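Since the structure comes first, as structure tokens, the remarks are kept for the end.
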Amino acid sequence: MEKLVKQTIEKYGSDPNRLMDMLIDTQEQFGYIGPEAVATLAHGLQLSQVDVEQTITFYHFLSTKPRGKYAIYLNNSAVAHMFGRDAIKDAFEREAGIRFGQVTEDGLIGLYDTACIGMNDQEPAAIINNKVFTRLTPYRVREIIRHMRLGKSLDELVNESYGDGRNQHPNLKTMVSSNIRRKGMILSDNYVMGKVLREVLPGISPEAVIAEIKHSHIRGRGGAGFPTGFKWEFCRKAKGEKHYVICNADEGEPGTFKDRVILTEKPELVFEGMALAGYAIGGDEGILYLRYEYRYMKDYLESVLQSMRFQQLLGTNIGGIEGFHFDIRIQFGAGAYVCGEESALLESLEGKRGEPRDKPPFPVEKGYLNQPTIINNVETFATAVRIVENGGEWFTQFGTEDSTGTKILSISGDCMFPGVYEVNWGFNVEDMLDMVGAYDVQAVQVGGPSGTLIGPDEFHRTLGYSDLSTGGSMIIFGKQRNLLRDVVLNFMEFFIDESCGSCSTCRNMPQVLRNKLVKILNGKGVKKDLTDLREWSKTLLASRCGLGQTAANPIVSSLKNFRHLYEELLQKDIEFDEGFDMKASVESSCKYVGRVPKFHH
Amino acid sequence: MSKPVIATTSLAGCFGCHMSILDIDERILQLIELVEFNKSPVDDIKTFTKPVDIGIIEGGCCNSENVEVLKSFRKNCRILISLGECAIMGGLPALRNGIPVEECIHEAYIGGPTVQLNKDHILPNDDELPMLLDKVYPCHEIVKIDYFLPGCPPRADLIWDALVALITGDPMKLPYEVIKFD
Ligand SMILES: Cc1cc2nc3c(=O)[nH]c(=O)nc-3n(C[C@H](O)[C@H](O)[C@H](O)COP(=O)(O)O)c2cc1C
Ligand code: SF4
Ligand code: SF4
Chain F
1 MEKLVKQTIE
11 KYGSDPNRLM
21 DMLIDTQEQF
31 GYIGPEAVAT
41 LAHGLQLSQV
51 DVEQTITFYH
61 FLSTKPRGKY
71 AIYLNNSAVA
81 HMFGRDAIKD
91 AFEREAGIRF
101 GQVTEDGLIG
111 LYDTACIGMN
121 DQEPAAIINN
131 KVFTRLTPYR
141 VREIIRHMRL
151 GKSLDELVNE
161 SYGDGRNQHP
171 NLKTMVSSNI
181 RRKGMILSDN
191 YVMGKVLREV
201 LPGISPEAVI
211 AEIKHSHIRG
221 RGGAGFPTGF
231 KWEFCRKAKG
241 EKHYVICNAD
251 EGEPGTFKDR
261 VILTEKPELV
271 FEGMALAGYA
281 IGGDEGILYL
291 RYEYRYMKDY
301 LESVLQSMRF
311 QQLLGTNIGG
321 IEGFHFDIRI
331 QFGAGAYVCG
341 EESALLESLE
351 GKRGEPRDKP
361 PFPVEKGYLN
371 QPTIINNVET
381 FATAVRIVEN
391 GGEWFTQFGT
401 EDSTGTKILS
411 ISGDCMFPGV
421 YEVNWGFNVE
431 DMLDMVGAYD
441 VQAVQVGGPS
451 GTLIGPDEFH
461 RTLGYSDLST
471 GGSMIIFGKQ
481 RNLLRDVVLN
491 FMEFFIDESC
501 GSCSTCRNMP
511 QVLRNKLVKI
521 LNGKGVKKDL
531 TDLREWSKTL
541 LASRCGLGQT
551 AANPIVSSLK
561 NFRHLYEELL
571 QKDIEFDEGF
581 DMKASVESSC
591 KYVGRVPKFH
601 H
Chain D
602 MSKPVIATTS
612 LAGCFGCHMS
622 ILDIDERILQ
632 LIELVEFNKS
642 PVDDIKTFTK
652 PVDIGIIEGG
662 CCNSENVEVL
672 KSFRKNCRIL
682 ISLGECAIMG
692 GLPALRNGIP
702 VEECIHEAYI
712 GGPTVQLNKD
722 HILPNDDELP
732 MLLDKVYPCH
742 EIVKIDYFLP
752 GCPPRADLIW
762 DALVALITGD
772 PMKLPYEVIK
782 FD
């Protein structure tokens with residue numbers, strides 16, 4: 001083992017900043033990162049063992065204990081539950097003879113829950129040793145486990161046909177489907193790879209590129225909506241030895257999967273966008289930070305990069321422009337929603353726990369390795385190419401005044417045609433529901449758990465930064481769904497699991513709120529609980545990053561828009577009930593000291 | 602109007618909060634002018650003898666007796682105040698909340714390094730003794746609490762101002778210095 005780990009260290013130039021890559025390789029080689037591997041890594045990188053361990057234990061897909069020859073990660077997003085996850089979980093447990101969180105005695109199979117894996121349009125889905133298995137049924141589960149026991153290879157476990165589009169590419173060959181249901185400028189077939197790098201850039205300066213981007217008024221597609229042109233300009237002007245371009249492909253917001261589809265169907269567009277950004281800010285190195293859930297795309301994306309290098313769209317003197325050098329490498333996360341937050345992403349890229357940094361300084365000044373860095377969403381880079389190709393002015397004709405261009409939506413839940421839809425900003429929710437074939441809709445979650453839950457009286461609202469802002473996640477809930485139990489509770493559990501733990505507000509308050517919600521769901525709630533939920537949620541605004549700041553949103557927005565669902569569950573005649581049970585609470589101590597509990601009242 | 606009646610008690614607390622009540626110094630004379638004390642360690646009245654306006658609770662609940670006293674306060678007092686960290690959050694005693702109560706008892710009566718005389722490993726189980734709760738509960742998880750005065754202990758000025766505000770009905774001033782704790 002020591003030898004192999006040493007080779008891994010060498011593969012990444014003994015650079016402690018590449019600890020994540022080394023840990024992921026080690027995890028994949030041995031199924032876990034044991035004490036011996038930790039010691040070798042610590043020694044080889046001149047880190048303390050605790051440094052290595054704290055990084056390992058931060059990430060969901062890294063483990064200090066064996067996870068099984070086949071590690072099965074079953075998605076537990078709300079939509080997975082809606083599409084029969086319980087039966088799948090049951091089938092896995094029965095057939096494997098273990099519970100979730102355990103490994104079979106022979107070390108063959110491990111079962112684990114995992115947060116949304118970006119397959120909401122083809123649930124229930126699981127990841128097994130980096131391969132994605134979609135649309136699972138109990139029958140398939142039993143078959144998969146049986147085949148594992150027979151010693152079949154991972155490829156043999158897949159017996160369905162491959163998904164649509166480029167999912168059939170020889171380097172991808174996955175059963176995942178792209179489900180593109182509406183195309184616009186980004187998903188369109190009229191993209192010609194390299195046109196911007198070869199034909200447009202030679203004619204304009206980096207400053208002019210930034211001017212076009214500014215003129216287009218495009219704002220970041222990752223959720224926060226910062227104007228992209230300004231970000232690039234700040235970065236270009238910031239002083240540093242090196243400038244970095246980072247593409248945020250962490251796509252962790254439950255219900256979003258459009259970055260997966262863009263990277264599957266239009267990876268060249270994204271990489272061209274990164275190179276274009278490199279030209280604009282004066283950087284020669286780009287990193288695609290890809291969530292580990294999409295590890296199955298590794299070989300495919302590497303092959304795309306390689307072919308772009310052959311065509312001189314990456315590498316040196318790109319597009320024939322003297323001195324325009326740019327290349328891209330892919331680095332993976334390892335299962336942590338918070339690593340989508342840009343400064344946590346930087347920490348993770350540097351091999352550390354993904355804990356958000358204090359800001360300022362912002363990444364444009366001090367980002368990756370303390371150098372000026374831009375971090376943009378996958379879709380933002382893709383869009384930038386179309387802007388520079390056609391001009392900022394052209395771009396502003398799409399969408400609305402404050403939200404220009406198109407937005408790719410990831411639509412899932414109770415509708416006929418879940419999938420990816422590229423629409424102009426300004427689309428309203430009603431039209432969207434009609435577009436996807438959603439009838440008898442009770443509610444729509446706009447922007448994932450950190451967004452808002454709206455009901456029919458708000459379906460006239462439009463998508464845009466000034467009304468319903470969204471990174472693209474749209475989850476539709478039919479009338480048959482129990483919103484509080486199946487949706488709000490699931491989302492709260494998600495935030496509780498994903499908090500990095502730095503801020504006491506974000507570490508504690510979501511649990512307090514969750515417990516109150518459970519109390520209400522169990523029929524023990526009183527009116528005051530609703531006031532507490534609303535008021536106590538406010539403390540979360542003091543958190544350091546967006547995760548904590550939005551962690552109460554499922555409760556706050558459902559309380560605002562679906563208050564009657566809460567009120568129906570409250571106890572009518574009493575004002576106070578915290579559920580204290582004297583009998584139960586003295587039981588253990590009385591038993592231990594050997595006395596029979598006696599009560600006066 | 603007759604004088605407002607006040608009652609106080611110390612549950613799972615250290616009496617530090619009561620010390621802080623006394624810390625209002627000579628204003629205690631003024632307080633006695635303003636209010637009448639009923640059940641309280643301050644005057645050693647052991648049981649409620651009349652309806653009380655303001656009940657002040659120090660400490661959380663670690664045993665059955667605490668719970669009963671707290672409930673009797675809720676029954677007899679119009680307004681209840683949780684005074685201090687222990688009443689509000691459980692405080693220092695709640696440090697045991699992460700440890701099973703059996704382990705706590707074992708450590709206290711059998712296993713602890715300072716336990717030497719209990720050779721027969723006797724555990725307190727007389728019916729007269731209060732029964733230990735599985736963990737320490739803040740007061741508001743057992744009865745409804747109307748106001749919370751934070752601090753460990755809350756400063757005498759804070760207690761004084763709160764009482765005066767409650768009695769006179771005037772709004773309470775809460776300058777930063779009174780509620781900051783670091
Ligand atoms: C908890 C959290 C998770 C985030 N996850 C993502 C993500 O998965 N992808 C993304 O592009 N942005 C994500 N963001 C937003 C990023 O911090 C950042 O704003 C964005 O990548 C900037 O790119 P853009 O301007 O192109 O949108 C997240 C933010 C927070 C607070
Ligand atoms: S808000 Fe939550 S996730 Fe963000 S830094 Fe604080 S503890 Fe970490
Ligand atoms: S809050 Fe502080 S002073 Fe008051 S009882 Fe608790 S420990 Fe003692």
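Going down the list, the protein sequences come from chains F and D.
Going by this note's numbering, the letters in the first sequence line up with residues 1 to 601, in that order.
Going by this note's numbering, the letters in the second sequence line up with residues 602 to 783, in that order.
Where is the CB? At the ideal position from N, CA and C, for every residue including glycine.
On a predicted model such as this, the values are computed, not experimentally measured, just so you know.
Check                                                                                                                                                                  : Outcome
Kindly list, in the order they appear in chain F, the residues whose Cβ is closer than 8 Å to that of residue 620 (chain D).                                           : Going along chain F, no residue has its Cβ under 8 Å from residue 620 (chain D), so there is no contact; the nearest lies around 29 Å.
Is residue 131 (chain F) closer than 8 Å to residue 108 (chain F) when the C-beta atoms are compared?                                                                  : no
For a contact meaning CB atoms closer than 9 Å, what does residue 742 (chain D) contact in chain F?                                                                    : 578, 579, 580
Go through the residues and name those whose CB comes closer than 6 Å to any heavy atom of ligand 3, in chain order.                                                   : D:614, D:615, D:617, D:618, D:659, D:660, D:685, D:686, D:687, D:692, D:693, D:753, D:754
Let me make sure I understand the geometry here. Which of F:562, F:224, F:92 has the alpha-carbon closest to that of residue 454 (chain F)?                            : F:562
Between the Cα of residue 689 (chain D) and those of D:739, D:607, D:635, spot the shortest distance and give me the residue it belongs to.                            : D:739
How many angstroms separate the CA atom of residue 429 (chain F) from the CA atom of residue 63 (chain F)?                                                             : 42 Å
In the DSSP assignment, what residue or residues form a beta bridge with residue 331 (chain F)?                                                                        : F:289
Measure the C-alpha to C-alpha separation of residue 199 (chain F) and residue 324 (chain F) and round it to an integer number of angstroms.                           : 14 Å
If you run the structure through DSSP and keep just helix, strand and coil, what is residue 114 (chain F)?                                                             : strand
Does the CB of residue 575 (chain F) have a neighbour CB from chain D at under 8 Å?                                                                                    : yes
Anything in chain F within Cβ reach of residue 745 (chain D), meaning under 9 Å, just list it in chain order.                                                          : 528, 575, 576, 578
Determine the direct distance from the alpha carbon of residue 72 (chain F) to that of residue 66 (chain F), and round the result to whole angstroms.                  : 13 Å
At a Cβ cut of 9 Å, what residues of the segment 705 to 725 of chain D count as close to chain F, listed as they run along the chain?                                  : 705, 706, 707, 710, 724, 725
So with Cβ pairs under 8 Å, would you call residue 669 (chain D) a contact of chain F?                                                                                 : yes
Run down chain D in chain order and give the residues with a C-beta less than 9 Å from the C-beta of residue 604 (chain F).                                            : The structure shown has nothing for residue 604 (chain F), since chain F only spans 1 to 601.
Run down chain F in chain order and give the residues with a C-beta less than 8 Å from the C-beta of residue 729 (chain D).                                            : Ordered by position in chain F, no residue passes the 8 Å Cβ test against residue 729 (chain D), which lies about 10 Å from the chain.
Quick one: Cα of residue 194 (chain F) to Cα of residue 313 (chain F), how far?                                                                                        : 6 Å
Can you tell me which residues fall inside 5 Å of ligand 2, judged by beta-carbon distance to its nearest heavy atom, and keep chain order?                            : F:338, F:356, F:499, F:500, F:502, F:503, F:506, F:543, F:544, F:545, F:547, F:548
Mind checking if residue 524 (chain F) is an interface residue toward chain D, Cβ cutoff 8 Å exclusive?                                                                : no
Look at residue 506 (chain F) and residue 551 (chain F) and say whether their C-beta atoms are less than 8 Å apart.                                                    : yes
In whole angstroms, give me the CA-to-CA distance for residue 358 (chain F) and residue 408 (chain F).                                                                 : 31 Å
For residue 596 (chain F), count neighbouring Cβ atoms within 10 angstroms of its own Cβ and tell me buried if that reaches 16, exposed if not.                        : exposed
Which residues in chain D have a C-beta closer than 9 Å to the C-beta of residue 512 (chain F)? List them in chain order.                                              : Under the 9 Å cutoff, chain D gives no residues; its nearest Cβ is about 12 Å from residue 512 (chain F).
Using the Cα positions of residue 261 (chain F) and residue 433 (chain F), report the straight-line distance between them to the nearest angstrom.                     : 21 Å
Exposed or buried, residue 482 (chain F), counting other C-beta atoms within 10 Å across all chains shown (16 or more means buried)?                                   : exposed
Would you list, in sequence order, the uninterrupted beta strand (DSSP E) runs of no fewer than 3 residues that lie entirely inside the segment 303 to 390 of chain F? : 327 to 332, 373 to 377
Ordered along the chain, which non-local residues of its own chain (more than five positions away) have a Cβ less than 6 Å from that of residue 299 (chain F)?         : 171
Closer than 7 Å to a non-hydrogen atom of ligand 1 - does that hold for the CB of residue 295 (chain F)?                                                               : no
Whose Cβ in chain F lies nearer than 7 Å to the Cβ of residue 732 (chain D)?                                                                                           : 586, 589, 590, 597
Output needed in chain order: residues of the segment 306 to 328 of chain F with a Cβ under 7 Å from some Cβ in chain D.                                               : none
Going straight from the alpha carbon of residue 15 (chain F) to that of residue 45 (chain F), what length do you get?                                                  : 7 Å
Please list the residues of the segment 761 to 777 of chain D that have a C-beta atom closer than 9 Å to any C-beta atom in chain F, keeping them in chain order.      : none
Suppose you measure from the CA of residue 768 (chain D) to the CA of residue 660 (chain D); what does that come to, to the nearest Å?                                 : 23 Å
My understanding is that residue 405 (chain F) touches residue 212 (chain F), with C-beta atoms under 8 Å, so please give their C-beta distance in whole angstroms.    : Contact doesn't hold; Cβ gap of about 13 Å is too wide.
Does the beta-carbon of residue 248 (chain F), which I'm using as the reference point, lie nearer than 7 Å to any heavy atom of ligand 1?                              : yes
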